[in-house]
Amino acid sequence: MLRLLATIRKEWLLLLRDRTGLTLLFAMPVVLITVMALIEDAPFRDYQELKFDILTVDNDGGRLGKYIKEGLGQTSQFKVIDSVQGAPVTEQKARALVNEGNYQICIIIPKGATGAIVSNANKIVNDISSRMGMPEHVLPVSNRKDSLHVTVYFDPAAKKAFKSAIHQALDNFLTQVETDMLLERIKQQLKRKDAGDENDSMNIQLKAVGLKEQLTGPSQELDVISNSVQHNVPAWSIFAMFFIVIPIAGNMIREREDGSMLRMKLIPGSYLAILAGKMLFFVGVCVVQFYLMMQVGIYLLPLLGLPQLTLGQSFLAAFIVAIGIGLAATSYGILVGTVFKTPNQALNFGAISIVILSAIGGIWIPLEIMPPHMQLIGHLSPLSWGLDAINDIYLRNVGVSHIWGDVGKLVVFATVLLCIAAGIEKRRLS
Amino acid sequence: MTSMLVQDLHKTYKGALEPSLKGLSFSFPEGSIVGLLGPNGAGKTTTISILCGLVKADAGQVQIFDQQQHTANREAIKKLIGVVPQQIALFPHLTAIENLEYFGNLYGLKGKPLRSLIDRYLQAFGLEKAGHKQVHHYSGGMKRRTNIIAAILHQPRLLILDEPTAGVDVQSRTMILQFLREYNQQGVSIVYTSHLLDEAQTICSEVVIIDEGKAVVQGGTQELIARHDDCRNLEDVFLHYTGHALRD
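In the order they appear, the protein sequences are chains G and U. When you line the first sequence up against the numbering used here, it's residues 1331 to 1760, in that order. When you line the second sequence up against the numbering used here, it's residues 1490 to 1737, in that order.
This is the structure:
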């Protein structure tokens, strides 16, 4: 125990004396997380959260145009623009503006669109009336043969998902207008039939069954949405924790070069106790880093206009995962420090390997949106195990019982790396 | 009692073309200061590594006092030995006191007894005023002196020093040699390697000259000088047995 405590104290003193190292360990991750959360904020926002200017050219001037403009304006997603620099937008001007990238979308409502919808509704009602034996109230129907289209122009740079969302929204409006008009016509027709009965107030409700979103996690109290902060803070915290590899490897190589490791091995007693002290200290540093980063997500990022980080409900589970990640990162540092002979080799390999492991492990972009084969590879990265466990706690509100799989993988990973390091060290001595 | 008995040691490192030790044998009595001398590549460092239990010999026996060296009692032998490596095996960004406290703790020493031991040695080596300075601010001589203190905190019966005066000024060298003499008078056996043969001649009661992995001669320092008419000092004896050919 004395060896272990003495080693922790020694590492603490060495870290305190290394002001630059200390700054790099704690300040750089804060900057990294802040920058990444800010940069990735827009791509992470749902299109529903973003507000788009939408150019609208209403050649119809009827109910459909009014309906679409009102409908779009009522959503928080769109701002309807029908005049530019005080003049109404023409179709030609609108197309040019979208093509130049000044606007992302333009909707052209054709002349006669409302008339066409009314005519179609009338035709259906006439047909129903005729079949029901009420031929005396025939509604007017247009003889127009060609079908009309609401035309949409997109910025050539617009993403497929964005286009799809707009298509869906407009389709909903068109369906809604057509349904409303049809219902209105049916009501009118039925009213005519029951003209004598003044007390008959008709009420047709179309939607019998609606949609309701429910949370899947054990707790129904939190409604956490995966946003830039919710992804980036845990993800880049894990990345920063793994960067402990650099100081640990450097520390071990320096100890080997300056002979202090040799002296430690000359002293009777297990070197494992010294190594355990070193590991405990650096795992502690990792855990402190983790919680510091969480504070950034909770307090600093909201000041910059980003959402606040939600921690889930099981603090114990998050603490266990942080220790697991710390163990994996520290063991990796010990292996790198054992394998490589110079700090430069360790620095280059350590840094690049962590960047690779983080990229495939879903730190940069979530694993879910990677191709299937990359997802398979990504699940081999220890960073992905840590991130999966944290996401389970923060987004799905799971507790300690749900995280053992990922924590187990991290601990096994750490044990295997330590065994490899011990084997290499033994071979080196022989 | 024999403080060290080395018999027919053999060692070839993995991948090496030549063996480092080819049947090295020597012994010396308790309480002596022995110079383990030899040209570069003679096998001195390998011998010290085996004596300390850091490296396992392929064949042969080592006995330290009454302890036969094997895997089971490697730890017991480590307790008997203090090693001053050629490198300054200290943490440069810790003070001398912090370094010594740490290594003392690893030896199982703690609290006031450790602190008073540290104070005593710092004073003996003229470092009492510099104890709170970080080691990287020290001169070469101060580092060497601290390096020695770190090896004797646990009061070893055998002290092995690998070139303890390399790169130090005359004052520090004189102090180190004086300390070793006094320390030896307290009954501690000392094994000392150096390329400074005048220094070895002054301090060593016995020398073992090794070359190409074997002991080429062993005996009392003055006796070896007197044995050959053409040898006026230890350097002449050394060249007599190892020759003038340059070593890689």
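Backbone N, C-alpha and C define an ideal beta-carbon position, used for all residues, glycine too.
First and last residue of the uninterrupted beta strand (DSSP E) at G/F1382: Position 52 of the first sequence, counting from 1, holds the residue named residue 1382 of chain G. Residues F1382 to D1388.
Beta-carbon proximity of U/G1676 to U/S1694, cut-off 8 Å: Within the second sequence, numbered from 1, the residue matching residue 1676 of chain U stands at position 187. Within the second sequence, numbered from 1, the residue matching residue 1694 of chain U stands at position 205. Contact flag unset, no.
Proximity test, Cβ basis, 8 Å: G/L1344 and chain U: Here the question's residue 1344 of chain G lines up with position 14 in the first sequence. Yes, its Cβ sits closer than 8 Å to a Cβ of chain U.
3-residue-minimum beta strand (DSSP E) runs that sit fully inside the stretch 1607-1646 of chain U, ordered along the chain: none
Cα-Cα separation between U/L1606 and U/T1635, rounded to whole angstroms: Position 117 of the second sequence, counting from 1, holds the residue named residue 1606 of chain U. Position 146 of the second sequence, counting from 1, holds the residue named residue 1635 of chain U. So the alpha carbons of these two residues sit roughly 13 Å apart.
Opening and closing residue of the beta strand (DSSP E) in which U/M1493 lies: For the purposes of this step, residue 1493 of chain U is taken as residue 4 along the second sequence, with counting starting at 1. Residues T1491 to K1500.
Where G/S1600 falls, given that 16 or more other Cβ within 10 Å makes a residue buried: In the first sequence, the residue the question calls residue 1600 of chain G occupies position 270. Its Cβ having fewer than 16 others within 10 Å, G/S1600 is exposed.
Neighbour flag for U/I1551 against chain G, beta carbons, 8 Å: Numbered from its first residue, the second sequence carries residue 1551 of chain U at position 62. Before going further, note that residue 1551 of chain U is Val rather than Ile in the sequence given. Judged by the 8 Å Cβ criterion, U/V1551 is not in contact with chain G.
Members of the stretch 1619-1636 of chain U that neighbour chain G once the beta carbon cut-off is set at 9 Å: So the close ones are Q1623 and N1636.
Stretch pair the stretch 1555-1575 of chain U + the stretch 1579-1598 of chain G: three plus CB contacts closer than 8 Å: Yes: the two stretches touch, three or more of their Cβ pairs being nearer than 8 Å.
Any chain U beta carbon closer than 8 Å to G/R1726: By one-based count along the first sequence, residue 1726 of chain G stands at place 396. For G/R1726, the answer is no, since every Cβ of chain U falls outside 8 Å of its Cβ.
Proximal residues of chain G, C-beta to C-beta of U/P1581 below 8 Å: Taking the first residue of the second sequence as 1, we reach residue 1581 of chain U at position 92. Under the 8 Å cutoff, chain G gives D1588.
Buried versus exposed, by CB contacts within 10 Å (16 or more), U/D1700: Here residue 1700 of chain U is taken as the residue at index 211 of the second sequence, counted from 1. The residue in question, U/D1700, is buried, as its Cβ has 16 or more Cβ neighbours within 10 Å.
Close beta carbons around G/D1439, own chain, < 8 Å, minus the five adjacent residues each side: Working through the first sequence from its first residue, we reach residue 1439 of chain G at position 109. According to the sequence shown, residue 1439 of chain G is Ile rather than Asp. Once the five neighbours on either side are set aside, the close Cβ partners of G/I1439 are T1386, V1387, D1388, N1389, D1390, L1394, G1395, I1398 and V1480.
Closest Cα partner of G/L1747 within the set G/T1668, G/T1672, G/Q1434 and G/I1693: Locating residue 1747 of chain G in the first sequence gives position 417, where the first residue counts as 1. In this structure, G/T1668 is the residue among G/T1668, G/T1672, G/Q1434 and G/I1693 with its C-alpha nearest to the C-alpha of G/L1747.
Near-chain G residues of the stretch 1584-1609 of chain U (beta-carbon distance less than 8 Å), N- to C-terminal order: E1587, E1590, Y1591, F1592, N1594, L1595, Y1596, G1597 and K1599
Length of the line joining the Cα atoms of U/R1670 and U/Y1610: Translated into positions along the second sequence, residue 1670 of chain U becomes position 181. Translated into positions along the second sequence, residue 1610 of chain U becomes position 121. Cα to Cα, U/R1670 sits roughly 15 Å from U/Y1610.
Neighbourhood of U/A1689 by C-beta, 8 Å cutoff - its chain only, sequence neighbours within 5 removed: To locate residue 1689 of chain U, count along the second sequence from 1; it is residue 200. Here the set comprises G1524, L1526, Y1681, S1683, V1696, T1710 and L1723.
Proximal chain U residues relative to G/L1602, where beta-carbon distance stays under 7 Å: As a working mapping, residue 1602 of chain G is identified with position 272 in the first sequence. Within 7 Å Cβ-Cβ: nothing; G/L1602 doesn't reach chain U, min ~13 Å.
Within-8 Å CB hit, U/L1543 to chain G: Taking the first residue of the second sequence as 1, we reach residue 1543 of chain U at position 54. Yes, U/L1543 lies at the interface with chain G (some Cβ there is under 8 Å from its Cβ).
Any C-beta of chain U under 8 Å from that of G/G1599: The residue you call residue 1599 of chain G lines up with position 269 of the first sequence. Judged by the 8 Å Cβ criterion, G/G1599 is in contact with chain U.
Cα-Cα separation between U/R1563 and U/D1718, rounded to whole angstroms: Counted from its first residue, the second sequence places residue 1563 of chain U at position 74. Counted from its first residue, the second sequence places residue 1718 of chain U at position 229. If you take the alpha carbons of U/R1563 and U/D1718, they lie about 44 Å apart.
Min CB distance G/K1756 to chain U below 8 Å: Within the first sequence, the letter at position 426 stands for residue 1756 of chain G. Not one chain U Cβ lies under 8 Å of G/K1756.
CA-to-CA distance, U/L1579 to U/Y1672, given in whole angstroms: Numbered from its first residue, the second sequence carries residue 1672 of chain U at position 183. Numbered from its first residue, the second sequence carries residue 1579 of chain U at position 90. Approximately 22 Å, taken between the alpha carbons.
Cβ-based neighbour list, G/F1679, same chain, cut-off 7 Å, excluding 5 preceding and 5 following: Along the first sequence, one-based indexing puts residue 1679 of chain G at 349. Only V1666 and F1670 meet the Cβ criterion.
U/T1682 in three-state terms, based on DSSP: Reading the second sequence from its first residue, position 193 is the one you call residue 1682 of chain U. In the structure shown, U/T1682 sits in a strand (DSSP, three-state: E or B).
Closest by C-alpha distance to G/T1405, when choosing among G/G1627, G/G1708, G/A1499 and G/P1673: What you label residue 1405 of chain G is simply residue 75 of the first sequence in a count that begins at 1. The residue with the shortest Cα to Cα distance from G/T1405 is G/A1499.
Per DSSP, the bridge partner or partners of U/D1651: Translated into positions along the second sequence, residue 1651 of chain U becomes position 162. Paired residues: U/T1682.
Cβ contact (3+ pairs, closer than 8 Å) linking the stretch 1581-1598 of chain U and the stretch 1548-1558 of chain U: no
Test: U/P1653 CB closer than 8 Å to a CB of chain G: Reading the second sequence from its first residue, position 164 is the one you call residue 1653 of chain U. It does not: the Cβ of U/P1653 has no partner Cβ on chain G nearer than 8 Å.
Residue closest to G/K1441, alpha-carbon to alpha-carbon, out of G/S1449, G/Q1422 and G/L1478: Taking the first residue of the first sequence as 1, we reach residue 1441 of chain G at position 111. Relative to the Cα of G/K1441, the nearest Cα in the group G/S1449, G/Q1422 and G/L1478 belongs to G/L1478.
Three-way DSSP call (helix, strand, coil) for U/Q1707 in this model: Counted from its first residue, the second sequence places residue 1707 of chain U at position 218. Looking at U/Q1707 - three-state DSSP - the assignment turns out to be strand.
Against chain U: residues of the stretch 1567-1593 of chain G by CB proximity under 7 Å: For the stretch 1567-1593 of chain G, which is checked against every Cβ of chain U, the residues closer than 7 Å are D1588, G1589, S1590, L1592 and R1593.
Alpha-carbon to alpha-carbon, G/L1334 and U/S1514: Position 25 of the second sequence, counting from 1, holds the residue named residue 1514 of chain U. Position 4 of the first sequence, counting from 1, holds the residue named residue 1334 of chain G. Each residue's alpha carbon lies about 39 Å from the other.
Three-state class that DSSP yields for U/G1549 in the structure shown: Indexing the second sequence from 1 puts residue 1549 of chain U at position 60. Correct three-state label for U/G1549: strand.
Contact under 8 Å by Cβ, U/G1542 with U/H1643: Position 53 of the second sequence, counted from the start, is the residue given in the question as residue 1542 of chain U. Position 154 of the second sequence, counted from the start, is the residue given in the question as residue 1643 of chain U. Going by C-beta atoms, U/G1542 is not nearer than 8 Å to U/H1643.
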